[in-house]
Amino acid sequence: MPQPFIIDAHEDIAYNVLSFGRDYTRAAEETRRIERKSNSPTIAHNGNTLLGWPDYQRGRVAVVFSTLFVTPRRAREGDWDTQSYADFNEAHRLYSAQLDVYHELTDRFPDQFHLVGSRSDLEAVIAHWQGPDAGPHPVGLVPLMEGAEGVRTPSELEEWWERGVRIIGLAWAGTRFCGGTREPGPLTDDGRALLKGMADIGFTLDLSHMDELAAHQALDLYPGPIIASHANAAALVRGYTGNRLLTDDIIRGLLDRDGIIGVVPFNRFLDFEWKKGERRDSITLTHLAAHVDYICQMAGDARHVGLGSDFDGGFGVESVPADVDTVADLQKLGSILTQKGYNNEDVANLLGENWLRHLRSNLPA
Ligand SMILES: [Zn+2]
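Under my numbering, the first residue of the sequence shown carries the number -17, and numbering increases by one thereafter.
In structure tokens, the structure reads:
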């Protein structure tokens, strides 16, 4: 049996291209070599990369939810950090430039990357991966806007949809739409108006980073599809404090809405007592499998969990489980789940088919 394909629901590709000039058409190992050789500050700022097109091929990563990731100026990390905004016009410009990155990437390298905005785009990509030929196969990119402040008014949602955005998360830090990571708070009137506009058009809502109160309100209010593209179960994480991971209540809310949760192989989200710079051998993909299993037990099936690696999103290979060297190693999660008693169909669902089902149901024809 061939390995199942993977769908990864969260990678900050455009952010890396614009911040660090990373070239994801080449292998992670090649990018690491080039950055090491030039003593690139990127390694200190964002770790050694985990991503590259040849790694997608080896790991059978068929589709990536590729983010527009931009932060408010108060969270700026230094002069190198070009992707932060002081006001909404600047946010609009930065988010827009990141979306352009995906258009350019897919225009320039059509054999390697395809923009996925519709079911027919999706089926064309998946047919490559499921077909008899050995590859290479194009990787589908589904644009996801993280933080939403690039949308100055709900009337602009149509334009973002036309340009390819299909998923929106209302928070990173807190936004004018709702409370976010380390900045708790409810949905605001602007947030409610944005949700209404999103539902009218058919966007998927990403609850990741939303404060628990705001996430509860959104679960009650939003009639459209809801996911958490990248978040783990807070209850399983040793020493965890904060509002970034998912409480059992929110997980239940997502399951009630037939949502899917992308689990994150980031050591701090698996063991909060693990600190950046520490050796990583105490953490493996077995820890990630525990989150998969926990949510599957709550759901009573294996149809509501997927992967949302967040690779290269502020951390690199130094901060992921010891058995992961690049994104291709996420395939190893499959055999760990098999040992836990999951059958081949479950494993295929968890690695990619659950996200595929979500996309098939929610992308426009
Ligand atoms: Zn994030």
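Every residue gets a Cβ at the ideal spot worked out from N, C-alpha and C, and that includes glycine.
Ligand 1 heavy atom lying under 7 angstroms from the CB of residue i
| i | result |
| --- | --- |
| H198 | no |
| E59 | no |
| D(-10) | no |
| S48 | no |
| G295 | yes |
| D292 | yes |
| S190 | yes |
| E128 | yes |
| H85 | no |
| H119 | no |
| H212 | yes |
| W154 | yes |
N-terminal and C-terminal residue of the alpha helix (DSSP H) that residue i is part of
| i | result |
| --- | --- |
| T24 | T24 to N28 |
| V349 | Any answer about residue 349 is impossible in this case: the structure gives the chain only from -17 up to 347. |
| L338 | N336 to N344 |
| S317 | K314 to Q321 |
| F91 | Neither: F91 is in no alpha helix (DSSP H) and is coded neither H nor E. |
| A10 | A10 to K19 |
| A210 | A210 -> not in any alpha helix (DSSP H); beta strand (DSSP E) instead, spanning I208 to A210. |
| D230 | D230 to D238 |
| E131 | E131 -> no alpha helix (DSSP H), and no H or E assigned at all. |
| Y415 | Outside the shown range of the chain, which is -17 to 347, sits residue 415, and nothing can be said about it. |
| S1 | I(-5) to F2 |
| W143 | L139 to E144 |
Three-way DSSP call (helix, strand, coil) for residue i in this model
| i | result |
| --- | --- |
| D(-10) | strand |
| H74 | helix |
| E350 | Since the displayed the chain opens at -17 and closes at 347, residue 350 lies outside it and no answer follows. |
| T186 | strand |
| P120 | coil |
| P247 | coil |
| Y38 | helix |
| S48 | strand |
| T157 | coil |
| L289 | strand |
| D253 | strand |
| Y67 | strand |
| P(-16) | coil |
| V329 | helix |
| L218 | helix |
| V175 | Per the sequence presented here, residue 175 reads as Ala, with Val not at that position. If DSSP states are grouped into helix, strand and coil, A175 belongs with the helices. |
| P54 | strand |
| L97 | strand |
| I242 | strand |
| A126 | In the sequence as presented, Ala is not what sits at residue 126; that position holds Leu. If DSSP states are grouped into helix, strand and coil, L126 belongs with the strands. |
Own chain partners of residue i with C-beta closer than 6 angstroms, once the 5 adjacent residues on each side are dropped
| i | result |
| --- | --- |
| F251 | N214 |
| G295 | D(-6) |
| G221 | F254 and E255 |
| A175 | P136 |
| P118 | Q39 |
| R158 | D172 |
| G235 | L201 |
| L341 | L104 |
8 angstroms CB neighbourhood of residue i in its chain, flanking five on each side removed
| i | result |
| --- | --- |
| K314 | L267, D305 and V306 |
| P346 | G99, S100, R101 and G184 |
| Q(-15) | R42, Q313 and G316 |
| P168 | C160, G161, D193, L195, A196 and Q199 |
| Y204 | L177, M180, A181 and L187 |
| F51 | D(-6), A(-4), Y(-3), Q65, Q80, E128, G129, W154 and G295 |
| T88 | F95, H96, L97 and L123 |
| H286 | L236, L237, D240, G241, I242, I243, I277, C278 and N336 |
| P92 | P120 |
Cβ-heavy atom distance, residue i to ligand 3, below 7 angstroms
| i | result |
| --- | --- |
| E194 | The ligand content of the structure shown is limited to ligand 1, which means ligand 3 is not among them. |
Nonlocal neighbours in the same chain, by C-beta distance under 7 angstroms from residue i, ignoring five residues either side
| i | result |
| --- | --- |
| A271 | L315, I318, L319 and K322 |
| N30 | R14, G298, V299 and E300 |
| F70 | E131 and R134 |
| V246 | H212, A213, N214, G290, S291 and D292 |
| V219 | L227, F251, L252, D253 and F254 |
| R4 | N(-2), T13 and T31 |
Continuous beta strand (DSSP E) stretch holding residue i: start and end
| i | result |
| --- | --- |
| I150 | I149 to G151 |
| G167 | E165 to L169 |
Open item on the list: Count Cβ pairs between the segment 267 to 280 and the segment 207 to 220 that sit closer than 8 angstroms; are there 3 or more?
Closed with: Yes, the segment 267 to 280 is in contact with the segment 207 to 220.
- [ ] Could you say if the segment 318 to 333 and the segment 84 to 104 meet the contact criterion of at least three C-beta pairs nearer than 8 angstroms?
- [x] No: fewer than three Cβ pairs fall under 8 angstroms.
Open item on the list: Using 8 angstroms as the cut-off, can you tell me whether the segment 68 to 81 makes contact with the segment -13 to 1, which would need three or more C-beta pairs spanning the two stretches below that distance?
Closed with: Cβ pair count under 8 angstroms is three or more, so yes.
- [ ] Give a yes or no on contact between the segment 31 to 45 and the segment 117 to 131, applying the rule of three or more CB pairs nearer than 8 angstroms.
- [x] Three or more Cβ pairs drawn from the segment 31 to 45 and the segment 117 to 131 lie within less than 8 angstroms of each other, which places the two stretches in contact.
Task: Segment contact, 8 angstroms Cβ cut-off, at least three pairs: the segment 149 to 167 with the segment 102 to 115 - done: By the Cβ test, the segment 149 to 167 is not in contact with the segment 102 to 115, since fewer than three Cβ pairs between them sit closer than 8 angstroms.
TODO: Could you tell me whether the segment 226 to 243 touches the segment 197 to 212, where touching means 3 or more Cβ pairs closer than 8 angstroms?
DONE: A contact exists between the segment 226 to 243 and the segment 197 to 212.
Task: Cβ pair count under 8 angstroms reaching 3, the segment 201 to 212 against the segment 237 to 245 - done: The segment 201 to 212 and the segment 237 to 245 touch, with no fewer than 3 CB-CB distances between them shorter than 8 angstroms.
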